[in-house]
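When we follow the working numbering, the leftmost residue of the sequence shown carries the number 28, and every step to the right adds one. As structure tokens, the structure follows; a few thoughts come after it.
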Amino acid sequence: TVAAATPIVFDSLQSTLECDGLSLGRGTWAEAYRRSAPGTRRRQALKMLCTLGIVTEKELADDLTVISDEHIEECVSIAMLMLEKWPPSHGLPPVHQAKEFFQAQLEAMYRDKVPSPCHG
Numbered sequence: 028t029v030a031a032a033t034p035i036v037f038d039s040l041q042s043t044l045e046c047d048g049l050s051l052g053r054g055t056w057a058e059a060y061r062r063s064a065p066g067t068r069r070r071q072a073l074k075m076l077c078t079l080g081i082v083t084e085k086e087l088a089d090d091l092t093v094i095s096d097e098h099i100e101e102c103v104s105i106a107m108l109m110l111e112k113w114p115p116s117h118g119l120p121p122v123h124q125a126k127e128f129f130q131a132q133l134e135a136m137y138r139d140k141v142p143s144p145c146h147g
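This is how it looks when you write it as structure tokens:
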């Protein structure tokens, strides 16, 4: 049964190598990263979220991480804006500034979703 264990180890290693050295479990963030095609803006956006720690190593590695597709799309759309503001060709953005930008954009998205209170 050593032979049975070998493919699992290989698949895990292959998965890590194919995903830019990130340790990916089977949770929602990891699956979103795996589904993104290498070299695409979506992959760059997801990588930026991971590199900045907005999506944590634990969230990527944990098999039990469950996030709604809607939230993932919101985060990716913000990361796309971040890629415009801080192109990867210029290196990693300032972490604190990038996280503040992300948080402000996310808060604005949720603020826009909440209906205004009725005034009578």
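C-beta: ideal position from N, C-alpha, C; glycine also. Small disclaimer: the values here were computed from a predicted structure and weren't measured.
_Contact the region 100-107 vs the region 60-72: 3+ CB pairs below 8 angstroms_ = yes
*How about L79 and L51: are their beta carbons less than 8 angstroms apart?*
no
_C-alpha distance - D90 paired with W56, whole-angstrom precision_ = 10 angstroms
_Can you look up A135 in the DSSP assignment and give me helix, strand or coil?_
helix
*In chain order, what residues of the same chain lie with their CB nearer than 6 angstroms to the CB of K112, ignoring the 5 residues before and after it?*
none
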